[in-house]
Amino acid sequence: MKFIYSFIVCFNVCCAFGQITPESEYYRRMDLGQELMYEGKYDAAQSEFLFVLENMAVIPTELAYFFGRNSFHLDAYKQSINWLNKYLQLKGAKGQYYDDAIQYLQFSEDKYMELQRNKTSVLSAYDLASLQYDCEGLDKMICPVCKGSGVIFRHGIFDTHYQTCPYSNGEGYLSCKNYNLFMMGILTPHDSLSR
Ligand SMILES: [Zn+2]
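Mind the numbering: the sequence shown is residues 672 to 866 in the numbering used here, read in order.
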């Protein structure tokens, strides 16, 4: 009897040890990651989630939500969108975290779109800049209006008179910046100085 009792105790202990399988360790780390995320320790949470993602044979669906939400906080918006979508796809509206998943998906999509827009505007600003003439490294360009003379001729009915070039202010040259503005048709002539 004592032997059997010992056996049962031993068996129970063995089972207790047996429960510390990798599987439960994964769930423990997933819970830990979740706590870290709620505490705002997103990097630490990420490493817990990644450990589970990389090692667990079958990923629990909830992890898609946790990882997706945490990714938002790490500014990995595309990754966040992918994982939250995955969660919603798998669990649908019945998922425990459905509302939160929808909310964070919205956050990430907004941020992602914002980044895409900024990227586009940076790109078009660059494209526009690259269209500008570099003036071949010169600071000044000969004014295309007065052709460097600083004056323009006005042909009147009885005579021809000339006036100070309103674009180059009589200097006959344009700065590279103004030259580009002129070529874009947006250089304002200095009419007040023309007489
Ligand atoms: Zn000029």
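Here a beta-carbon is modelled for each residue, glycine too, at the ideal position from N, C-alpha and C.
The straight-line gap separating the alpha-carbon atoms of TYR775 and GLU725 is approximately 23 angstroms. In chain order, THR831, HIS832, TYR833 and GLN834 place their CB closer than 8 angstroms to the CB of ARG825, counting only its own chain and leaving out the 5 sequence neighbours on each side. When secondary structure is reduced to three states using DSSP, LYS712 falls in the coil class, being assigned neither helix nor strand. Here ASP810 is not near CYS836, since their CB atoms are 8 angstroms or more apart.
Counting of Cβ neighbours within 10 angstroms places GLY739 among the buried residues, the total reaching 16 or more.
Closest by C-alpha distance to GLY841, out of GLU780, ALA728, VAL816 and MET855, is VAL816.
Going down the chain, each residue whose beta-carbon is closer than 5 angstroms to a heavy atom of ligand 1 shows up: CYS814, VAL816, CYS817, CYS836, TYR838 and SER839.
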